[in-house]
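Numbering (my numbering), first residue to last: 95 to 296.
Every residue gets a Cβ at the ideal spot worked out from N, C-alpha and C, and that includes glycine.
Treat the numbers as computed from the prediction; the structure is a model and nothing was measured.
Notes for the one structure printed next.
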């Protein structure tokens, strides 16, 4: 892995892997973002837009079923900017009611290597985070499992919704679903995954 901080306020993560035997590779990172600058503040009022028209349907244990489902009309549709916490009380299988979600969105990709995946905005400050990647999906998790037992800056406990994770990656659970793109890496191949997290002001 290589981390690069650019002059235009982006963090670039380059993942490379090789193997001497066939193996499965799907590497990502689990960084939490809260653009308010206050870890005690929930990200529920952040605006999130995801460049995706479909997602990987999950069962009640949040494991992909193998079905790729259109997002239109669903409470997890972020194809236009929506507050992260807007639909947390929706009666929907993939939402842990009143808390959050952990879902893989199928990014709308063209022929280019790097594709715009998502944008997170803190309306009050105008701070933004744009995500770009060469991977087919974006796993989104709004920290609903945080319960205050982990303590961050200035002794502030991280509570439910204290951050949001935007993981660029291949489809999760790909080996269990023949229709998903393969994550097998062979000895004569090189795995390359690139992700860009670009910060700005609107």
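Residue i and residue j closer than 8 angstroms at C-beta
{"i": "residue 124", "j": "residue 258", "result": "no"}
{"i": "residue 271", "j": "residue 121", "result": "no"}
{"i": "residue 275", "j": "residue 285", "result": "no"}
{"i": "residue 228", "j": "residue 261", "result": "no"}
{"i": "residue 251", "j": "residue 113", "result": "no"}
Spatial distance of residue i from residue j (CA atoms)
{"i": "residue 235", "j": "residue 197", "result": "7 angstroms"}
{"i": "residue 223", "j": "residue 115", "result": "38 angstroms"}
{"i": "residue 290", "j": "residue 146", "result": "17 angstroms"}
{"i": "residue 219", "j": "residue 102", "result": "19 angstroms"}
{"i": "residue 200", "j": "residue 217", "result": "26 angstroms"}
{"i": "residue 212", "j": "residue 248", "result": "30 angstroms"}
{"i": "residue 150", "j": "residue 189", "result": "13 angstroms"}
N- and C-terminal bounds of the beta strand (DSSP E) containing residue i
{"i": "residue 226", "result": "221-227"}
{"i": "residue 231", "result": "231-235"}
{"i": "residue 288", "result": "285-295"}
{"i": "residue 150", "result": "146-152"}
{"i": "residue 164", "result": "158-164"}
Where residue i falls: helix, strand or coil (DSSP)
{"i": "residue 180", "result": "coil"}
{"i": "residue 251", "result": "strand"}
{"i": "residue 211", "result": "strand"}
Residues near residue i in its chain [Cβ-Cβ closer than 7 angstroms; skip 5 each side]
{"i": "residue 263", "result": "120, 122, 229, 231, 233"}
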